[in-house]
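Okay, structure first, notes after.
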Amino acid sequence: MNALDSLIAQFAKLPGLGPRSARRVVLHLIRNREKLLDPLITTLTDTSATIRNCTACGNLDVCDPCSICADNRRDTSQLCVVEEISDLWAIERSRMFRGRFHVLGGALCALDGKGPDQLNIDSLVARAASPTVTEVILATNATVEGQTTAFYISDRLVNCNVHISRLAHGIPIGGELDFLDEGTLGAALKARLPVG
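Residue numbers for the sequence shown follow the numbering used here, so the first one is 632 and each next one is one higher.
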């Protein structure tokens with residue numbers, strides 16, 4: 632395999648890119664070598680050398696602890712538990728949560744061989760046992776694996792002196808009932824709120 636085929640094969644491994652899209656991206660990079668390809672190579676090399684996981688929460692950053700954990704303006708009483716770093720980033724984009732995070736590194740899934748020992752659950756229990764933490768928000772995905780993980784974590788936190796909450800599930804803003812699946816409608820009915 633020559634260098635060009637190897638580069639296409641590497642891009643094809645990225646989410647959302649297949650072999651055809653990867654070829655188009657590589658061709659575009661090569662046509663714009665000085666403007667795009669060379670700076671991309673430098674950025675990838677620098678990022679690979681400097682990026683690290685935060686030992687406190689599991690986020691990615693160039694410093695440890697990460698900028699979220701090091702921010703003394705964050706509410707240390709709230710701990711939001713997410714499956715993956717991308718989930719943390721999504722919540723941060725909302726700018727609605729000002730507490731701290733904990734990244735599990737996945738969800739419990741027997742088929743994938745992911746048990747409690749493969750996730751950052753023990754460190755979560757240790758963090759939740761801190762007297763400064765009063766609430767743990769379980770922000771796992773609304774999948775079978777996410778629900779199973781949330782139930783397992785809530786059982787593990789039973790001896791910690793914390794309030795355990797879960798993200799609401801149901802009808803999205805702007806959603807029309809006719810276009811929603813049965814699971815979403817069922818969750819919305821179960822989590823209904825009083826009016827007024």
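For glycine and all other residues, C-beta sits at the position ideal for the given N, C-alpha and C.
Keep in mind that this is a model prediction, so the values were computed, not measured.
- Secondary structure of residue 768 (DSSP, three-state): strand.
- When secondary structure is reduced to three states using DSSP, residue 659 falls in the helix class.
- Going by DSSP, residue 700 is part of the alpha helix (DSSP H) stretching over 698–701.
- Per the C-alpha coordinates, the member of 808, 728, 636 and 751 positioned closest to residue 798 is 728.
- Secondary-structure assignment with DSSP links residue 795 through a beta bridge to 767.
- A residue is called buried once 16 or more other Cβ atoms fall within 10 Å of its Cβ, and residue 804, having fewer, is exposed.
- Around the beta-carbon of residue 775, fewer than 16 other beta-carbon atoms lie within 10 Å, marking it exposed.
- Within the same chain, 714, 745, 750, 771, 772, 774, 776, 777, 779 and 780 come within 8 Å of residue 738 by CB-CB distance, once the 5 residues on both sides are set aside.
- Taking a C-beta distance under 7 Å as the contact criterion, residue 769 and residue 733 do not qualify as a contact pair.
- Following the DSSP letters along the chain, one finds residue 713 in no alpha helix (DSSP H) but inside the beta strand (DSSP E) bounded by residues 706–713.
- Scanning its chain for C-beta atoms nearer than 7 Å, with the 5 sequence neighbours on each side dropped, one finds around residue 736 the residues 689, 750 and 751, in chain order.
- CA-to-CA, the gap between residue 642 and residue 648 works out to about 7 Å.
- Take the alpha-carbon of residue 655 and the one of residue 646: they are about 15 Å apart.
- CA-to-CA, the gap between residue 704 and residue 730 works out to about 9 Å.
- A direct Cα-Cα distance of roughly 6 Å separates residue 661 from residue 668.
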